[in-house]
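The block underneath contains the structure these notes are about, expressed in structure tokens.
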Amino acid sequence: IMELTNCNKAEIYAVDGTPLCEAHVYWDSAGMYQLLEVPCSFELSDTGEHMAIFYDSTAGLVHCRCQLRPHGNEGEVKSCSFTITEVLETIQRRQDLKVPTNAEIEISAVQMASASAAPPPKGAFTAVTENLSAGGVYFVCQYALPVDSEVHFELKEGPKPIELTAVVLRQEELPPKKRLPRFGHGCRFINLKPAAESGLRSYIFRCQRDMRQRRQR
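If you read the sequence shown in the numbering used here, its first letter stands for residue 1, the second for the next number, and so on.
Here it is, written out as structure tokens:
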């Protein structure tokens, strides 16, 4: 159905959406067949049918059904050949998917854009995200951070913490909660490393999948 020419990472799921493993996508030595490198503990389904998300730098995130077949073992990993049988959804990189979230983040450092603004306390403080995309985040905290300030934090909702830096594009005062001040901040990620972007897109896609499954119940 389609060929992934610029892809080196995938996530493999059971047909019911249960996450199974991450996989490395590569071409065989002759450059003829695309293969998946998976942990030796990974077991193919009886039919070989699985769901997968492929991360392709050109095509975007490709959510699909695919047929996997054993190809060989080498050390702690084994190889599978695959055929995409149905593309369910493709998300282009320029059309970043935004999902509602309610994740606590610990902001470890702030580079203030304005010396006249009251700085947050020294050390880390907590904020809560309201939505997230691979391009940015909207979070709420009790401090007003000026536009153009930079914030550094970890997102700990995925398998591994993701180190992120963002610049504040807009700030708004929100109604207090439990008599504490609240400020919303719309931010854009900057200096995003490939590993962080990959982890971020993986987490966002899982959030979307979980929301879809809840709606179907």
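Cβ atoms here follow ideal geometry from the backbone N, Cα and C, with glycine treated the same way.
**Report entry** Cβ pair A52, I12 closer than 7 Å
**Finding:** Taking the sequence shown and counting its residues from 1, one reaches residue 52 at position 52. Taking the sequence shown and counting its residues from 1, one reaches residue 12 at position 12. If you check the CB distance, A52 and I12 come in under 7 Å.
**Asked** From P146 to T165, what distance separates their C-alpha atoms?
**Response** Translated into the one-based positions of the sequence shown, residue 146 becomes position 146. Translated into the one-based positions of the sequence shown, residue 165 becomes position 165. Using only the alpha carbons, I get a separation of about 15 Å.
Task: Cα-Cα separation between A195 and H152, rounded to whole angstroms - done: If you number the sequence shown from 1, residue 195 lands on position 195. If you number the sequence shown from 1, residue 152 lands on position 152. When the Cα atoms are used, A195 and H152 turn out to be separated by approximately 16 Å.
- Query: What distance in whole Å lies between the Cβ atoms of A127 and C141, which are believed to be in contact at a cut-off of 8 Å?
  - Reply: Counted from its first residue, the sequence shown places residue 141 at position 141. Counted from its first residue, the sequence shown places residue 127 at position 127. About 4 Å separates the two Cβ atoms, so the contact holds.
For Q34, tell me which candidate among T5, I190, Y55 and E43 has the shortest Cα-Cα distance. What you label residue 34 is simply residue 34 of the sequence shown in a count that begins at 1. With distances taken between Cα atoms, Q34 lies closest to T5.
CB contact flag (C40, E76, <7 Å): Here the question's residue 40 lines up with position 40 in the sequence shown. Here the question's residue 76 lines up with position 76 in the sequence shown. Result yes, Cβ atoms of C40 and E76 sit closer than 7 Å.
Look at the alpha carbon of V137 and the alpha carbon of L174, and state the distance between them as a whole number of angstroms. Against the sequence shown, residue 137 aligns to sequence position 137. Against the sequence shown, residue 174 aligns to sequence position 174. So the alpha carbons of these two residues sit roughly 17 Å apart.
**Item:** Simplified DSSP state of I107, which is helix, strand or coil
**Value:** The residue labelled residue 107 in the question sits at position 107 within the sequence shown. Looking at I107 - three-state DSSP - the assignment turns out to be strand.
Worksheet item: Do H185 and Q171 have their CB atoms nearer than 7 Å?
Response: As a working mapping, residue 185 is identified with position 185 in the sequence shown. As a working mapping, residue 171 is identified with position 171 in the sequence shown. Yes, they are a contact pair.
| task | Go ahead and label H24 buried or exposed: buried means 16 or more other beta carbons lie within 10 angstroms of its beta carbon, across all protein chains shown. | result | Position 24 of the sequence shown holds residue 24. Per the 10 Å Cβ criterion, exposed.
### Message
On the DSSP letters alone, give me the boundaries of the beta strand (DSSP E) that P175 sits inside.
### Response
In the sequence shown, counting from the first residue as 1, residue 175 sits at position 175. Here the beta strand (DSSP E) through P175 covers I162 to K177.
Does the separation of the CB atoms of V110 and S149 fall below 7 Å?
As a first step, residue 110 must be located in the sequence shown, where it is residue number 110. As a first step, residue 149 must be located in the sequence shown, where it is residue number 149. Result yes, Cβ atoms of V110 and S149 sit closer than 7 Å.
* If we call anything under 7 Å between Cβ atoms a contact, is V157 one with A118? -> The count along the sequence shown starts at 1 and reaches residue 157 at position 157. The count along the sequence shown starts at 1 and reaches residue 118 at position 118. Sequence check: residue 157 is Glu here, not Val. Here E157 is not near A118, since their CB atoms are 7 Å or more apart.
### Task
Give me the Cβ distance between T129 and T101, rounded to the nearest whole Å; I'm assuming they're in contact under 8 Å.
Counted from its first residue, the sequence shown places residue 129 at position 129. Counted from its first residue, the sequence shown places residue 101 at position 101. Their Cβ separation, rounded to whole angstroms, is 5 Å, which keeps T129 and T101 in contact under 8 Å.
Hey, out of L200, M112, F54 and E43, whose CA is closest to K73's CA? Here residue 73 is taken as the residue at index 73 of the sequence shown, counted from 1. Strictly speaking, residue 73 in this sequence is Asn, with Lys absent from that position. Of the candidates L200, M112, F54 and E43, the one whose C-alpha sits nearest the C-alpha of N73 is E43.
Taking only three categories from DSSP, how would you classify Y33? As a first step, residue 33 must be located in the sequence shown, where it is residue number 33. Residue state for Y33 is assigned as coil, using DSSP reduced to three classes.
Exercise for review: Mind listing, in chain order, the continuous beta strand (DSSP E) runs of no fewer than 3 residues lying wholly within the stretch 2-67?
Suggested key: Scanning the stretch 2-67 from its first residue to its last, the whole beta strand (DSSP E) runs of 3-plus residues come out as 7-13, 19-27, 34-39 and 49-56.
### Cβ-based burial, A14 [other Cβ within 10 Å; buried from 16]
Mapped onto the sequence shown, residue 14 falls at position 14. Exposed: under 16 other Cβ atoms inside 10 Å.
- Taking the C-alpha atoms as reference points, what is the distance between R182 and P120? Translated into the one-based positions of the sequence shown, residue 182 becomes position 182. Translated into the one-based positions of the sequence shown, residue 120 becomes position 120. Their backbone Cα atoms lie some 13 Å apart in a straight line.
Distance, Cα to Cα, P70 vs A144?
Within the sequence shown, numbered from 1, the residue matching residue 70 stands at position 70. Within the sequence shown, numbered from 1, the residue matching residue 144 stands at position 144. Rounded to the nearest angstrom, the gap between the Cα atoms of P70 and A144 is 55 Å.
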